[in-house]
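Residues in the sequence shown are numbered from 1 upward in steps of one, following the UniProt record's numbering.
Note that the Cβ used here is the ideal one computed from N, Cα and C, for glycine as well.
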Amino acid sequence: MSANVRYMLKEQAYMLGLIVLISMIFVGQMMFGVEAYWPYMMVPEDVVAAWELALAGDIDFSAFLPILSCALLHGGFDHLLWNMLYLWIFGALAVELVGNKWMLITFVVTAICGSVFHVVMNAGSPISTLGASGAVMGFEGLYLGMAVRWSLPDPEIWPMDRPISPAQLAAFGILGLVMDYMGFLGGNLGVAYSAHLGGFVGGLVLGAFAVPMPRTAHRR
């Protein structure tokens, strides 16, 4: 095993652990069927109903669990593969810049932001939602927020053989946002574009206002 791979396994242990966890959950989905994980998918109209009951004093915290748990589920192998690829690219950058704690905070916060915005925009929908796309877009937003705030170093993303400039990565994040916004306006029912947008904005706010300045960054 090369020194670079050993270093990557050590420094990115939490990020890799998250990817392995989500992948193992997907294996469980395939083994046990939709009946086993249906309660953990998010249905907007169910969340709205639970919120109305909570306002009336009847609080059931378990009814809100799918807001986060749906981010750990995926609808197919291609869905899982693409989400984990982009989660690795931008999640590993988050670890490199601000550490494991902020990486985990970003995943949880942006997954919730994505789910909440999806519920707000689709309050009466009975269609279940699943996938880590909101959190993935959250990491893209986080990186863009930091790139605007500070001058960031050229990151090295394993297994790419050369560093990628922050401007290229920021442009990639903006392109993803534009594509999601166009999809949102188009009303494609097969993709939860509103969750993508909510996650991106949540990550952007974290990057622009919350995370500490990376040691390798410079003030503009």
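Can you give me the Cβ contacts of residue i inside the same chain, cut-off strictly under 7 Å, excluding the 5 residues immediately before and after it?
i    : result
P212 : V98
T106 : A94, G138, F139, L142, G203 and L206
A92  : Q12, M15 and I157
N100 : Y14
Y86  : V136
S125 : P44 and E45
In the structure shown, what three-state DSSP assignment does residue i receive?
i    : result
H118 : helix
R149 : helix
P212 : coil
D78  : helix
A195 : helix
A36  : helix
Q168 : helix
E156 : coil
L97  : helix
I59  : coil
Under a Cβ-count criterion, where at least 16 other Cβ atoms within 10 Å of its own Cβ denotes burial, should residue i be classed as buried or exposed?
i    : result
T110 : buried
E35  : exposed
Q29  : buried
W102 : buried
F77  : exposed
W150 : buried
I22  : buried
W38  : exposed
Across which residues does DSSP place residue i in a beta bridge pair?
i    : result
T129 : M42
R219 : W150
Report the residue from the options whose alpha carbon sits nearest the alpha carbon of residue i.
i    : options                  : result
M121 : L197, L144, W102 and E96 : L197
A208 : S62, G145 and I19        : G145
H74  : Q12, D154, A135 and P44  : A135
D46  : S62, A195 and E35        : S62
G17  : L104, D58, I59 and A71   : L104
H79  : V148, M24, R219 and S133 : S133
A217 : P166, W38, F200 and L21  : P166
Y40  : L72, M24, L55 and D60    : L72
F200 : M84, P153 and S115       : S115
R219 : V148, A171 and Q168      : V148
V20  : E96, L81 and F90         : L81
W88  : V48, R215, I59 and P155  : P155
Which residues in the same chain as residue i place their Cβ atom closer than 8 Å to its Cβ, once the five residues preceding and following it in sequence are excluded?
i    : result
I112 : I67, L68 and G202
H118 : M42, P44, T129, G134, A192, S194, A195 and G198
Identify, in the order they occur along the chain, each residue of the same chain with its Cβ nearer than 6 Å to the Cβ of residue i, setting aside the five sequence neighbours on each side.
i   : result
C70 : M41, M42, T129 and L130
F26 : H74 and L80
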